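Shown next, in structure tokens, is the structure this report addresses.
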Amino acid sequence: MAARAYWQGQIRLALVSIPVEIYTATKRGAQIAFKQIHEPSGKAVHYEKVVDGIGAIDTDDIRKGYEIDKGEFVLLDQDEIDGVKLESRKTLELTQFVDADEIDVLYYEKPYYVVPADDLAEEAYIVLRDALRRSKKVGLGQLAMRGREYIVSLKPCGRGMILETLRYADEVAKATGFFREIGDDKPDAELLDLAQSLIDKKTAPFEAGKFKDRYGDALRALVDKKQKAHGRKIVEDKDDTRPSGGNVVDLMAALKKSVEAPADNAPDRAPEKAPERAKPAPKKAAPRKRA
């Protein structure tokens, strides 16, 4: 089944318009989901829409409302909300270009694939993609999707382009409140060298497939054990090897020990070829006896 476009419209750069379609670039993994169960009956717990003083209500009687004062709401129909005129609902206008490293990682939210809508749009699409790649810039604009307007960035990705939604400034908590108590002391040079050596030792190309959801796997194993135990309680032995707050760790010794540890603690690397063993010389055939 072909993927369904999340958004359809056009990218506009000055007088150039490029019809495009946007598709979600991420998907939810297979997660373990738990339901609330009424233990005596073994049945799932359901939830009803209720109103104070009235009780359960019909969902057809529910409308959207914005609270303008305590207990006072302005009610809106969905077609009234959909009728809000906003150019960014159908057009992403690139209004600014910045270096990619100027955008703090805290602002990035969700990625989308951007593809040309048809063959006629492909030429302009390729020109914009390659111009962004050559200039090493990221395009910025605003786009309305699913009831909200986002700041978005646009950058090349292989043969295509990636659009990423960004958070607004008021959606990002300032780091100063969290880092204020951290001192300004400079680290010891030898400790810094050891830490750098440890980082170099564990450096390898990023491959997302090497990381597995170990907690999800453990939960599935627990569910399987519980099923085979026919409801008997299962408690795994706790193996918490983290040092307690009172333990004093010799940082220098710990770093040296980490650096000197075997290389198998580092990320997966290409296996080194074992030295080839010398092949035994072929046995000479015994001379034939003449008759």
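So for the sequence shown, the numbering used here puts the first residue at 20; every next one is plus one.
Just so it is clear, CB atoms sit at the ideal spot from N, CA and C, and this is done for glycine as well.
These figures come from a predicted structure and were not determined experimentally.
| Asked | Found |
| --- | --- |
| Reference residue 83; option with closest CA among 124, 92 and 77 | 92 |
| Proximal residues to residue 32 (C-beta, below 7 Å), its chain only, five neighbours per side dropped | 113 and 147 |
| Which listed residue (276, 26, 246 and 270) has its alpha carbon closest to that of residue 133 | 26 |
| Limits of the unbroken beta strand (DSSP E) element including residue 1 | The first residue shown for the chain is 20 and the last is 310, placing residue 1 beyond what the model contains. |
| Sequence-distant residues of its chain with Cβ nearer than 7 Å to residue 214 (five each side left out) | 274 |
| Per-residue burial, residue 48 [other beta carbons within 10 Å of its own, 16 or more giving buried] | exposed |
| DSSP bridge partner residues for residue 74 (one or two, in chain order) | 70 |
| Chain-order list of residues whose beta-carbon lies under 8 Å from that of residue 168 (same chain, five-residue window excluded) | 105, 107, 161 and 162 |
| Cβ neighbour criterion (16 or more within 10 Å) applied to residue 64 | exposed |
| Beta-carbon contacts of residue 295 that lie in its chain and below 6 Å, excluding the five residues immediately before and after | Interpretation of residue 295 is limited by its pLDDT of 47, a score under 50 that renders its predicted location unreliable; the figure taken from the coordinates is listed afterwards. Excluding positions up to five away in sequence, the list is empty. |
| The stretch 177-189 contacting the stretch 133-145, beta-carbon criterion three pairs below 8 Å | yes |
| Residue 158 - DSSP class collapsed to helix/strand/coil | strand |
| Local Cβ density within 10 Å of residue 144, reported as buried at 16 or more and exposed below that | buried |
| Those residues which DSSP pairs with residue 130 across a bridge | 183 |
| Residue 110 - partner residues in DSSP beta bridges | 29 |
| Segment limits, alpha helix (DSSP H) that includes residue 247 | 233-247 |
| Run of the beta strand (DSSP E) containing residue 205, from where it starts to where it stops | Where residue 205 is concerned, there is no enclosing beta strand (DSSP E), given that its DSSP letter is neither H nor E. |
| Rounded C-alpha distance that separates residue 228 from residue 45 | 14 Å |
| Residue closest to residue 62, alpha-carbon to alpha-carbon, out of 54, 69 and 242 | 54 |
| Proximity of residue 157 and residue 122 at Cβ, strictly below 8 Å | yes |
| Collapsed DSSP secondary structure at residue 62 in the structure displayed | strand |
| For residue 43, the three-state DSSP class (helix, strand or coil) | strand |
| Contacting residues, own chain, Cβ-Cβ under 6 Å from residue 111 (five flanking each side not counted) | 30, 160 and 162 |
| Inter-residue CB distance, residue 270 and residue 210 (contact presumed, cutoff 8 Å) | 6 Å |
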